[in-house]
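Enquirer: Numbering (my numbering), first residue to last: 6 to 162.
C-beta: ideal position from N, C-alpha, C; glycine also.
Questions regarding the structure given below will be posed in turn.
Laid out in structure tokens, this is it:
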């Protein structure tokens, strides 16, 4: 039983690192895309990096969240429920919702381009993607605030 918990904790940590790295690359390239770059090649490189790292973050997010929530439901963790743990769990839930909505809104923004590259001509009606863009931009800042507040201050063994 102890080996299974250790293996699950290792898998959770590896998925967390993969998710955080891909989210960091997506954030950096997203910030670059917001700058007025005069070089079209730099803009295209930032866009491709943003799309690929965002897709990887979406792929790593679901299994990480599933394992992380399963790990937190152990009886020895639930036993000591106090205000600090409840605050930590609330920040975790908020960061999970922000991450999920940010990643899904990014997928919705990229969907017409991906469909075009696959040979289908699909475009959003004028202004229809504005709520997706607002959600994508508006949830990314709270996501990082919640992730920073949710992350542990000390490394666990």
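From residue 2 to residue 114, what does the alpha carbon distance come to, in whole angstroms?
Expert: With the chain covering 6 to 162 only, the question about residue 2 has no answer from this structure.
Enquirer: Answer yes or no: do residue 16 and residue 55 have a C-beta to C-beta separation smaller than 8 angstroms?
Expert: Counting from 1 along the chain shown, the entry for residue 16 is found at position 11. Counting from 1 along the chain shown, the entry for residue 55 is found at position 50. No, they are not a contact pair.
Enquirer: Would DSSP call residue 102 helix, strand or coil?
Expert: Numbered from its first residue, the chain shown carries residue 102 at position 97. Three-state result, residue 102: helix.
Enquirer: Nearest to residue 97 by CA position, among 14, 142, 149 and 119, is which residue?
Expert: Residue 97 sits at position 92 when you count from the first residue of the chain shown. Answer by Cα proximity: 149.
Enquirer: By Cβ distance below 7 angstroms, which residues in the same chain neighbour residue 146 in space, the five residues on each side in sequence not counted?
Expert: The residue you call residue 146 lines up with position 141 of the chain shown. Excluding sequence positions up to five before and after residue 146, its CB lies less than 7 angstroms from no other CB in the same chain.
Enquirer: Taking C-beta to C-beta, are residue 137 and residue 103 nearer than 8 angstroms?
Expert: By 1-based counting over the chain shown, the position of residue 137 is 132. By 1-based counting over the chain shown, the position of residue 103 is 98. Going by C-beta atoms, residue 137 is not nearer than 8 angstroms to residue 103.
Enquirer: Would you mind reading off the limits of the alpha helix (DSSP H) that contains residue 127?
Expert: Translated into positions along the chain shown, residue 127 becomes position 122. Looking at the DSSP string, residue 127 is not in any alpha helix (DSSP H), and its letter there is neither H nor E.
Enquirer: Using DSSP with H/G/I as helix, E/B as strand and the rest coil, what is residue 40?
Expert: Within the chain shown, the letter at position 35 stands for residue 40. Annotated three-state conformation of residue 40 is coil, per DSSP.
Enquirer: With C-beta atoms as the reference, is residue 72 less than 8 angstroms away from residue 13?
Expert: As a first step, residue 72 is located in the chain shown; it is residue number 67 there, counting from the start. As a first step, residue 13 is located in the chain shown; it is residue number 8 there, counting from the start. Yes, Cβ-Cβ distance for residue 72 and residue 13 is below 8 angstroms.
Enquirer: For residue 100 and residue 63, I'd like the C-alpha separation in whole angstroms.
Expert: Here residue 100 is taken as the residue at index 95 of the chain shown, counted from 1. Here residue 63 is taken as the residue at index 58 of the chain shown, counted from 1. For residue 100 and residue 63, the distance between alpha carbons rounds to 14 angstroms.
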